[in-house]
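*Asks:*
2 protein chains.
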Amino acid sequence: MEARQWVKQQFEAAGMEASLDGVGNVCGRYVPKPELEDVPAVLIASHLDSVPAGGMFDGTLGVMAGLECIRLIQENNITVNRPIEIIGTSEEEGRFGGMLGAQALSGNLTLEWLNTAKDPAGEYLKDALEQCGFSPQEALHARRDPADIRAFLELHIEQGPVLEMNNKPVGVVDGISGVFKWLIKLVGKPDHAGTAPMNMRSDAFMGVADFAHELSRIIDEEGSEYTRLTIGRVELKPGFAHTIPGEAHFTLVGRDMDNEVMHQVSMSCQKVLGAIARKHNLKFEYDQLSWIPPRHFSDDLVDTVEKNAQELALDYMRMPSGAGHDCQFFADLVPTALIFVKSVGGISHAPDEWSHWDDVQKGCDLLYKTLLDLCNE
Amino acid sequence: MEARQWVKQQFEAAGMEASLDGVGNVCGRYVPKPELEDVPAVLIASHLDSVPAGGMFDGTLGVMAGLECIRLIQENNITVNRPIEIIGTSEEEGRFGGMLGAQALSGNLTLEWLNTAKDPAGEYLKDALEQCGFSPQEALHARRDPADIRAFLELHIEQGPVLEMNNKPVGVVDGISGVFKWLIKLVGKPDHAGTAPMNMRSDAFMGVADFAHELSRIIDEEGSEYTRLTIGRVELKPGFAHTIPGEAHFTLVGRDMDNEVMHQVSMSCQKVLGAIARKHNLKFEYDQLSWIPPRHFSDDLVDTVEKNAQELALDYMRMPSGAGHDCQFFADLVPTALIFVKSVGGISHAPDEWSHWDDVQKGCDLLYKTLLDLCNE
Numbered sequence: 186m187e188a189r190q191w192v193k194q195q196f197e198a199a200g201m202e203a204s205l206d207g208v209g210n211v212c213g214r215y216v217p218k219p220e221l222e223d224v225p226a227v228l229i230a231s232h233l234d235s236v237p238a239g240g241m242f243d244g245t246l247g248v249m250a251g252l253e254c255i256r257l258i259q260e261n262n263i264t265v266n267r268p269i270e271i272i273g274t275s276e277e278e279g280r281f282g283g284m285l286g287a288q289a290l291s292g293n294l295t296l297e298w299l300n301t302a303k304d305p306a307g308e309y310l311k312d313a314l315e316q317c318g319f320s321p322q323e324a325l326h327a328r329r330d331p332a333d334i335r336a337f338l339e340l341h342i343e344q345g346p347v348l349e350m351n352n353k354p355v356g357v358v359d360g361i362s363g364v365f366k367w368l369i370k371l372v373g374k375p376d377h378a379g380t381a382p383m384n385m386r387s388d389a390f391m392g393v394a395d396f397a398h399e400l401s402r403i404i405d406e407e408g409s410e411y412t413r414l415t416i417g418r419v420e421l422k423p424g425f426a427h428t429i430p431g432e433a434h435f436t437l438v439g440r441d442m443d444n445e446v447m448h449q450v451s452m453s454c455q456k457v458l459g460a461i462a463r464k465h466n467l468k469f470e471y472d473q474l475s476w477i478p479p480r481h482f483s484d485d486l487v488d489t490v491e492k493n494a495q496e497l498a499l500d501y502m503r504m505p506s507g508a509g510h511d512c513q514f515f516a517d518l519v520p521t522a523l524i525f526v527k528s529v530g531g532i533s534h535a536p537d538e539w540s541h542w543d544d545v546q547k548g549c550d551l552l553y554k555t556l557l558d559l560c561n562e
Numbered sequence: 186m187e188a189r190q191w192v193k194q195q196f197e198a199a200g201m202e203a204s205l206d207g208v209g210n211v212c213g214r215y216v217p218k219p220e221l222e223d224v225p226a227v228l229i230a231s232h233l234d235s236v237p238a239g240g241m242f243d244g245t246l247g248v249m250a251g252l253e254c255i256r257l258i259q260e261n262n263i264t265v266n267r268p269i270e271i272i273g274t275s276e277e278e279g280r281f282g283g284m285l286g287a288q289a290l291s292g293n294l295t296l297e298w299l300n301t302a303k304d305p306a307g308e309y310l311k312d313a314l315e316q317c318g319f320s321p322q323e324a325l326h327a328r329r330d331p332a333d334i335r336a337f338l339e340l341h342i343e344q345g346p347v348l349e350m351n352n353k354p355v356g357v358v359d360g361i362s363g364v365f366k367w368l369i370k371l372v373g374k375p376d377h378a379g380t381a382p383m384n385m386r387s388d389a390f391m392g393v394a395d396f397a398h399e400l401s402r403i404i405d406e407e408g409s410e411y412t413r414l415t416i417g418r419v420e421l422k423p424g425f426a427h428t429i430p431g432e433a434h435f436t437l438v439g440r441d442m443d444n445e446v447m448h449q450v451s452m453s454c455q456k457v458l459g460a461i462a463r464k465h466n467l468k469f470e471y472d473q474l475s476w477i478p479p480r481h482f483s484d485d486l487v488d489t490v491e492k493n494a495q496e497l498a499l500d501y502m503r504m505p506s507g508a509g510h511d512c513q514f515f516a517d518l519v520p521t522a523l524i525f526v527k528s529v530g531g532i533s534h535a536p537d538e539w540s541h542w543d544d545v546q547k548g549c550d551l552l553y554k555t556l557l558d559l560c561n562e
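Heads up: the sequence lines are chains A and B, in that order. Residue 424 in the working numbering is what sits at position 239 of the first sequence, and the numbering runs on without skipping anything. Residue 335 in the working numbering is what sits at position 150 of the second sequence, and the numbering runs on without skipping anything.
1. Kindly identify the DSSP beta-bridge partner or partners of V446 (chain B).
2. Would you mind sorting A327 (chain B) into buried or exposed? The rule is 16 or more other CB atoms within 10 Å of its CB.
3. Taking C-beta pairs closer than 9 Å, name the residues in chain B that M385 (chain A) reaches, listed in chain order.
4. Quick check on the DSSP output: what are the complete beta strand (DSSP E) runs of length 3 or more inside the segment 292–343 of chain A, in order along the chain?
5. Taking A516 (chain B) as the query, report the chain A residues whose CB atoms sit under 8 Å from its CB, ordered along the chain.
6. Looking at G417 (chain A) and L141 (chain B), is the spacing between their C-beta atoms short of 9 Å?
7. With DSSP as the reference, please indicate the residues paired to F425 (chain A) in a beta bridge.
8. Work out the CA separation of G356 (chain B) and I524 (chain B) for me, nearest whole Å.
9. Which class does K492 (chain B) belong to by DSSP, given the choice of helix, strand or coil?
10. Taking only the alpha-carbon atoms, compute the straight-line gap between A516 (chain B) and D550 (chain B) and give it to the nearest angstrom.
11. At the level of alpha carbons, what is the spacing between G247 (chain A) and G239 (chain B)?
12. 9 Å is my cut-off, CB to CB: does R463 (chain B) come that close to chain A?
13. Where does V265 (chain B) land, buried or exposed, given buried means 16+ other C-beta within 10 angstroms?
14. D206 (chain B) by DSSP, collapsed to three states: which one?
15. Which chain A residues are close to R418 (chain B), counting only those with a beta carbon under 7 Å from its beta carbon?
16. Just to confirm, is the Cβ distance from Q153 (chain B) to A508 (chain B) under 9 Å?
17. If you run the structure through DSSP and keep just helix, strand and coil, what is H398 (chain B)?
18. Quick one: which chain A residues come within Cβ less than 9 Å of G507 (chain B)?
19. Can you give the Cα-Cα distance for N300 (chain A) and L285 (chain A), rounded to whole angstroms?
20. In three-state DSSP terms, what is Y411 (chain B)?
21. Would you tell me roughly how many angstroms separate the C-alpha atoms of V227 (chain B) and E399 (chain A), rounded to the nearest one?
22. Cβ closer than 7 Å: which chain B residues qualify as neighbours of V438 (chain A)?
23. Taking CB distances under 9 Å as the criterion, tell me whether A397 (chain B) reaches chain A.
24. Ordered along the chain, which non-local residues of its own chain (more than five positions away) have a Cβ less than 8 Å from that of G292 (chain A)?
25. Closest to A433 (chain B) by C-alpha separation, out of B:E407, B:N561, B:D558 and B:G424, would be which residue?
26. Within 9 Å (strictly less), CB to CB, does D388 (chain A) reach chain B?
27. Can you tell me whether I263 (chain A) is helix, strand or coil according to DSSP?
28. Looking at the secondary structure, which residues open and close the alpha helix (DSSP H) in which M350 (chain B) lies?
29. Who are the near neighbours of N201 (chain A) in its chain, counting only those whose CB is closer than 8 Å to its CB and skipping five residues on each side?
30. Going along chain B in order, which residues have a C-beta closer than 7 Å to the C-beta of I404 (chain A)?
31. Measuring CB to CB, does A324 (chain B) end up less than 9 Å from C512 (chain B)?
32. Looking at the C-beta of K366 (chain A), does it have a partner C-beta in chain D at a distance below 9 Å?
33. Could you tell me whether the Cβ of L414 (chain B) comes closer than 9 Å to any Cβ of chain A?
34. Could you give the uninterrupted runs of the alpha helix (DSSP H) lying entirely in the segment 525–549 of chain A, keeping only those of 4 residues or more?
35. Using a beta-carbon distance below 9 Å, is E410 (chain A) in contact with chain B?
36. Given 8 Å as the limit, is there contact between the segment 367–381 of chain A and the segment 495–508 of chain A, that is, 3 or more CB pairs closer than that?
What follows is the structure, encoded as structure tokens:
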């Protein structure tokens, strides 16, 4: 809340009307002339929070980039013919599921969810909101009418290694990967690691290992260059060195830019798991915890960003985002675009997170030029 | 301690001189005639404890089998020319490392270890001993002079599926597998599961999976029919579904009947781990927590047991033991033999543990006949 108050002051100092909405999004509104008040605005938004022990660029950079655009416009007396709103969203990495601020803005929240959502420690979201002076009712009022929005722009660090590997300072993002998350359970028999011969075992871990071994083949056969399959969590039972694992519970997270490819990949995973379970004499079940389809940004606006990158003579690449971002909730509502700035070493969510200021400036120039295009079309 | 007191009473009721030694081994000594007091004795021993929520056969069966031999000798006025001692050992499955009673008897303990050993909860062995009325000093006095022992016999359930799969009621065990235990650490990079392309990852779990996948090949190329390799515990860091595992810590337990084979298998594991670490761009280190060479029982006594199985027309098989047993500490000191009784379903360390009484009787007949051979040679 202290950071939000500070950002609010910066917005006010830059001549914007600033306020906190019902979920703590800090909104700074710049209206060039009173008669433009009701013209659909351009929103520039990213988040102010990051993970605990994270870095200084994740999220915040996009809010500061928006603020800098307003300062540039004012310092140079640039004519703009629309309201511009800079928003520092809340709880993007949040403990209540994440993306709270952006979901409130896009109208994705329900009163029931707001009243019942809990963090992993059991604290209710509604109590946390009230401690900050908000309420579930007010949270619902944070929703913006898409008719009032000309476009939604976000600038964010890449948080991955693709720009660096391709030696590009900025990325023109044309969509966000879909993602599915499974919890898979393999059940065998927890025998003594000494007495059970290798060919009489039902070793649940060998099932996980064989499955992991097939992931690259599944991607080669069913996936695309954007497919990602990750086993991030594995729990073995009983988990003793001298006992054959009788149960293995593990997560599988799959991503792609194409919903059909996601389906093909997930079906192949299912078949492979079935075959491996039979081979190792295991029972197998899985629970699909979530399935979020990919989002593709509107070509018009992405093309505009790309044209501007060319006009600015930036060394850029058009690319999808493997990670989720605030803007994804607006992709189906209004023209939406996302600009990536290169992350050194692809590192993020860590104090080592860094983007060179040169590259940051290139991203900001691209954001600014696109903003002016939208304001003066 | 209650169970031990009860067993002591049974020993006394069967005409034995009974006592608890300094680590809680219950010893019942049968001396047929006073002048035989100093003749080397035959020891029949197994353990009285099992794991929490274990079964009723593991260990205890061997102690009761010994008691039954003494009863048979007395009820039928059988002449024996040696002392016979039945021992119910303590802490075979113990929380201080296990095999406490047998190690005390065979002289494997040191005062330093007895004074410093702790269980996983931090309780000192010496405090636990004192709560039961024992002490580290007394524990050292439990040692038996091998010169006083003619032979060490143990009867135990198999705790595995081999006898059942081969449809044999009893096994004549000729040795106990050696075992090595490694703690292996693979260190990669904990990237975002969405932003890091598959070919730019250093996924520590993929290293474990690839290694597990090679285990059967390693056994085929370097191992024997008695080789076992087991990954029983795996811990991933950070262990989040959406993060590529940056570290994997896992155990590898290897067994074989031949120390040279164990060395070949372990060297192959090392090479394969090195190659996999290079392939996945991981750092790799391992810590050898223990290396216990295989024990082979003296052929003479094992041959005697086998001859007796034939004379009793038992359907038996000669086999090694994959699990450790009390008798292993005597294998290098005195003639030692181990008789297995078939475990239904190979199940042990669970309430379902069961051996058919018919099979138990066959094992006891074999033990008794071997005991008489040793007493009247």
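We put the CB at the ideal spot given by N, CA and C, even for glycine.
*Replies:* Well, looking at it:
1. The partner list for V446 (chain B) (beta bridge, DSSP) is empty, contrary to what the question assumes.
2. buried
3. Within chain B, the residues near M385 (chain A) are G345, P346, V347, M350 and G531.
4. 334–342
5. Neighbours of A516 (chain B) on chain A: none; closest Cβ ~16 Å, over 8 Å.
6. Past the boundaries of the shown model lies residue 141 (chain B); chain B is included only from 186 to 562, so the question cannot be answered.
7. Paired residues: none, contrary to the question.
8. 6 Å
9. helix
10. 22 Å
11. 60 Å
12. no
13. Looking at its Cβ environment, which holds 16 or more other Cβ atoms inside 10 Å, V265 (chain B) is buried.
14. coil
15. Simply L421, G424, F425 and A426.
16. Only positions 186 to 562 of chain B appear in this structure, which leaves residue 153 (chain B) out of reach.
17. helix
18. H377, A378, G379, T380, A381 and P382
19. N300 (chain A) and L285 (chain A) have their C-alpha atoms spaced approximately 13 Å apart.
20. coil
21. Near 56 Å, if we compare the C-alpha coordinates of E399 (chain A) and V227 (chain B).
22. A378, A426 and H427
23. Taking a beta-carbon distance threshold of 9 Å, A397 (chain B) counts as an interface residue toward chain A.
24. Within its own chain, the residues whose Cβ lies closer than 8 Å to the Cβ of G292 (chain A), once the five positions on either side in sequence are excluded, are R328 and R329, listed in chain order.
25. Closest by C-alpha distance to A433 (chain B), out of B:E407, B:N561, B:D558 and B:G424, is B:G424.
26. yes
27. Residue state, collapsed to three classes: coil.
28. V347 to M350
29. At residue 201 (chain A) the sequence reads Met, which differs from the Asn that was named. Counting only Cβ-Cβ distances below 8 Å, and skipping sequence neighbours, we find G213, R214, Y215, I255 and I271.
30. Neighbours of I404 (chain A) in chain B, taken as residues whose beta carbon is under 7 Å from its own, are M383 in chain order.
31. no
32. Structure shown: chain D not included; protein chains present are A and B.
33. yes
34. The segment 525–549 of chain A is shown to contain no whole alpha helix (DSSP H) run of 4 or more residues.
35. Chain B contact via Cβ: present.
36. no
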